[in-house]
Structure formats: structure tokens, C-alpha cells
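Participant: Before I ask anything, let me first share the structure, which is written out below as C-alpha cells.
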Amino acid sequence: MTRAPAVELEGVVRTFGHRAALDGVSLRVGRGEVFGVLGPDGAGKSTLMRIVVTVLSPTSGRASTLGMDTVRQSTAIKRRIGYMSQRFGLYPDLTVAENVRFYADLYGLGADARARRSQELLKRVGMLEFSGRPAGKLSGGMKQKLALVCALIHTPELLVLDEPTNGVDPVSRREFWKLLREMAGGELTVIVSTAYLEEAEWCDRMALLHRGRVLAAGNREQVAGLMSEEVLSISSADPGRVRKLLRESAPDLRTWSWGDRVHVASASPAEDAERVRRILLEEGLECGVSRVEPELEDVFVAAVGNSDG
65 MTRAPAVELE
75 GVVRTFGHRA
85 ALDGVSLRVG
95 RGEVFGVLGP
105 DGAGKSTLMR
115 IVVTVLSPTS
125 GRASTLGMDT
135 VRQSTAIKRR
145 IGYMSQRFGL
155 YPDLTVAENV
165 RFYADLYGLG
175 ADARARRSQE
185 LLKRVGMLEF
195 SGRPAGKLSG
205 GMKQKLALVC
215 ALIHTPELLV
225 LDEPTNGVDP
235 VSRREFWKLL
245 REMAGGELTV
255 IVSTAYLEEA
265 EWCDRMALLH
275 RGRVLAAGNR
285 EQVAGLMSEE
295 VLSISSADPG
305 RVRKLLRESA
315 PDLRTWSWGD
325 RVHVASASPA
335 EDAERVRRIL
345 LEEGLECGVS
355 RVEPELEDVF
365 VAAVGNSDG
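Just add 64 to the spot in the sequence shown (first one is 1) and you have our numbering.
Structural data, given as C-alpha cells:
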């Protein structure tokens, strides 16, 4: 018998007053996947995650987690999931081991299971030797790992992480994602929300969220393939001025910053590359223009531009 997907949303709307935080979201997350929900602040990511873990109810539409209705079967769902919110509740005056024990007790683990699972997880994240250290004296990356251990202590089927790497240094972020990839699969499904588009490389599939709507969903190749235009990359000593000139002289071209370069979406790359060179040279700006393969951030910027009309 085929099991229900880990998460399924159909036409989910969630409003707060007159504002729609989610506007007709439909998603399906398979068992054992690492699924990313990507988007900027205000996209609706946290609202979506809270509906999945039954903290919020949809205003309309249907949501199910582990085959159960998130409204009618909330209590049963909560026993089988782990949730790490943006402000995960670690107790700074308790030691690492005491924090883990507290959450193990919340989930009703017996003493033997608690001891075995605690040692297994703390060893796996490299924190066994810090068991006696107060949580308040841990680094940001170590607090993040401890929060992960607490969310996994009861062996959930679904782990939901709401922007777990926000504000964490790049090295710690990468270590955290490596841990997630090692732990996911089989009986554990992971859903992660993030504003860092580069973190999509760690996901099996993803959804790009903007203003409460799904712009695109699929694996990295499928999402990148949704961009029908070519991308031109412009190198210049003054990228800010490049964007300003192109907005004034070629308003039909969509441009965005890409590090120290400017990217342009183009349906006619040969003609547009020549036009860009001419515009910039007329203003005394030397530049290099080349075609590049679109990255996920290019796709997102282009999709946002299309959705904003």
C-alpha cells in the first residue's frame, strides 16, 4: 500500500485581517525528501511552515501532514513531527544535556530510550563533549546543532525547520546542511525554509515563494528550466552606474545586481548584448558582456519580475 505524501497542501489560503500571507498554495512533499521553501522575508514561508506543523489553520484550502488533516488531527500529528522554529526554545541556564533531557521528557521518552538517543544524536553532531556546558555559552552554530538534537530526540517522521540558518556564519551553515543531508532519507522527511537561495543545492526539490504564492516548484534543474530567457552578464568598474543607465536607456530590459556584475534577462541576447555595449560606451563606460547559464537566483528574480507584472 502506497503511503500518503509527507505533506500535501491544496489551494491553501491564510489571511491575517485583509492581508493574505498565503494565496492559494499547492505543494506535495514526498517521504524521505529534503524539501526547501525558498523566498525573501515576507514571502509567507513561516506561515506555511506553521500550517504544516498545525500551529496555524488554513483560512481556506486543505492541508495534510503525514496523511492526517492538520486541523482535525493536530494532536496526532504533533507526536510524529519535530519542529525547529526561528526562535527555538533553548534554555540558556540549562546545560546541553539538560536541554535535551527536557525535550525528551516532553515527548515521553523513557529513561533508557532517552539516554541512548541523546548520546547517539549528540555524538552525531559533535557535541557529546559539551554535554555539561550551559546552552547560553554556546556559539551560534552549536546552539543550532543543539536545537536540531532537541527536535530529533523523539525520532520524528517529519522534521520542519523554519529558517534554521538565519544569522549563522557560512561555515556553520554548511556544516548544518551536511548534517541534515546525512540524517534525511528513509523514514525522515525534512522541510526547510530559507532566504538563502544558494542553499537550494542541498535540497532534493524546492518551491520558490513570493508574496504568498508559489512561483515555481521542482528539483533544481526543473526550476532553472522555467526561465525561458537568456542571461547576459555585464562586467564593469561601476556596476551601480551600469544599472542606472540601462534602466534609463533600455527600460524594457530587466536588470539585477549579481555580486560585482549586472545581469540582464534577454529574449534576443545577440541584439541586446550589442545594444548594452553601445549604451554604455556612449556614456564612456567600458564593459564586458557575455552569456551565462542562469543560476537559481536569476530564475527567482526573473520569476518575481513576471509575477509583479
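Heads up, the beta-carbon is just placed ideally off N, CA and C, and yes, glycines get one too.
If you're wondering where the values come from, they're calculated on a predicted model, not measured in any experiment.
Tell me whether the beta-carbon of Gly146 lies closer than 7 Å to the beta-carbon of Leu223.
Facilitator: Result yes, Cβ atoms of Gly146 and Leu223 sit closer than 7 Å.
Participant: Alpha carbon to alpha carbon, what distance is there between Pro220 and Gly96?
Facilitator: Going from the Cα of Gly96 to the Cα of Pro220 covers about 12 Å.
Participant: What residues in its chain sit with their C-beta under 8 Å from that of Val368, if we drop five residues either side in the sequence?
Facilitator: Answer for Val368: His274, Leu279, listed in chain order.
Participant: Let me check one thing: in DSSP terms, what residues is Pro147 bridge-paired to?
Facilitator: Note on identity: in this sequence residue 147 is Tyr, with Pro being the wrong assignment. Its beta-bridge partners are Val224.
Participant: If Ala366 and Glu293 are in contact, beta carbons under 8 Å, what's the gap, nearest whole angstrom?
Facilitator: Yes, they are in contact, since the Cβ atoms of Ala366 and Glu293 sit about 7 Å apart, within 8 Å.
Participant: State whether the region 123-143 contacts the region 296-313, with contact taken as three or more CB pairs (one from each stretch) at a distance under 8 Å.
Facilitator: No contact exists between the region 123-143 and the region 296-313.
Participant: With distances taken Cα to Cα, identify the nearest neighbour of Ile343 among Val101, Ala329, Lys308.
Facilitator: Checked all of Val101, Ala329, Lys308; the closest Cα to Ile343 is Lys308.
Participant: If I measure Cβ to Cβ from Gly204 and keep anything under 6 Å in the same chain, skipping five residues before and after, which residues do I get?
Facilitator: Val232, listed in sequence order.
Participant: Per DSSP, Gly75 is paired with what?
Facilitator: The partner list for Gly75 (beta bridge, DSSP) is empty, contrary to what the question assumes.
Participant: By Cβ distance, which residues of its chain are closer than 8 Å to Ala85, with the 5 residues on each side in sequence left out?
Facilitator: Here the set comprises Arg78, Thr79, Gly108, Thr111, Gly276.
Participant: Does the beta-carbon distance from Val287 to Val363 come in below 7 Å?
Facilitator: Yes, the Cβ-Cβ distance between Val287 and Val363 is below 7 Å.
Participant: Going by beta carbon distance, what residues of the same chain come within less than 8 Å of Tyr155, once the five residues before and after it are set aside?
Facilitator: So the qualifying residues of the chain are Glu162, Asn163, Phe166, Ala199.
Participant: Can you list, in chain order, the residues of its chain whose CB lies under 6 Å from that of Val71, leaving out five sequence neighbours each side?
Facilitator: The answer, listed in chain order, is Val93, Val116, Thr129.
Participant: Just grab the DSSP bridge partners of Pro198 for me.
Facilitator: In the DSSP output, where bridge partners are listed per residue, Pro198 has Thr159.
Participant: With 16 other CB atoms within 10 Å as the buried threshold, where does Ser257 fall?
Facilitator: Looking at its Cβ environment, which holds 16 or more other Cβ atoms inside 10 Å, Ser257 is buried.
Participant: DSSP on Gly373, reduced to helix/strand/coil?
Facilitator: The predicted model places Gly373 with a pLDDT of 43, which falls under 50 and marks its position as unreliable; any figure quoted below should be read in that light. It is coil, neither helix nor strand.
Participant: On the three-state DSSP scale, how would you describe Arg269?
Facilitator: If DSSP states are grouped into helix, strand and coil, Arg269 belongs with the strands.
Participant: Out of Gly75, Val101, Gly88, Thr229, which one is the CA nearest neighbour of Arg151?
Facilitator: The candidate whose alpha carbon is nearest that of Arg151 is Thr229.
Participant: Considering Cα atoms alone, identify which of Ala177, Ala168, Gly249, Glu239 is closest to Cys214.
Facilitator: Selected option, being the one with the closest Cα: Ala168.
Participant: Starting from Ser110 and walking both ways along the alpha helix (DSSP H), at which residues does that stretch end?
Facilitator: First-last of the alpha helix (DSSP H) with Ser110: 109-116.
Participant: Run through DSSP, which three-state label would Ile217 get?
Facilitator: Reduced to three states, the DSSP call for Ile217 is coil.
Participant: Would you decide whether Gly373 is buried or exposed? Buried here means 16 or more other CB atoms lie within 10 Å of its CB.
Facilitator: Any reading at Gly373 must be qualified, since the residue scores a pLDDT of 43, below 50, and its modelled position is unreliable; the value itself is stated next. So Gly373 ends up on the exposed side.
Participant: For the putative contact between Met270 and Phe99, defined by C-beta atoms under 8 Å, what is the C-beta separation to the nearest angstrom?
Facilitator: Confirmed, about 7 Å.
Participant: Between Ser182 and Gln208, how many whole angstroms is the CB-CB distance? I'm expecting something under 8 Å.
Facilitator: In fact, because the Cβ distance is near 17 Å, the residues do not count as touching under 8 Å.
Participant: Only counting the same chain, and skipping five residues up and downstream in sequence, which positions put a Cβ closer than 6 Å to that of Thr319?
Facilitator: Taken in chain order, the residues that qualify are Arg307, Leu310, Val326, Val328.
Participant: If you draw a straight line from the alpha carbon of Tyr260 to that of Thr139, how long is it in whole angstroms?
Facilitator: Cα to Cα, the separation comes out at about 32 Å.
Participant: Around the Cβ of Gly103, are there at least 16 other Cβ atoms within 10 angstroms (buried) or fewer (exposed)?
Facilitator: Its Cβ being crowded by 16 or more others within 10 Å, Gly103 is buried.
Participant: Should Arg67 go down as buried or exposed, given a rule of 16 or more other Cβ atoms within 10 Å for buried?
Facilitator: By the 10 Å Cβ count, Arg67 comes out exposed.
Participant: What number of angstroms, rounded off, separates the C-alpha of Leu244 from the C-alpha of Asp324?
Facilitator: Looking at the two C-alpha atoms, the distance is approximately 32 Å.
Participant: Can you give me the start and stop residues for the alpha helix (DSSP H) that Glu338 sits inside?
Facilitator: 333-346 is the extent of the alpha helix (DSSP H) around Glu338.
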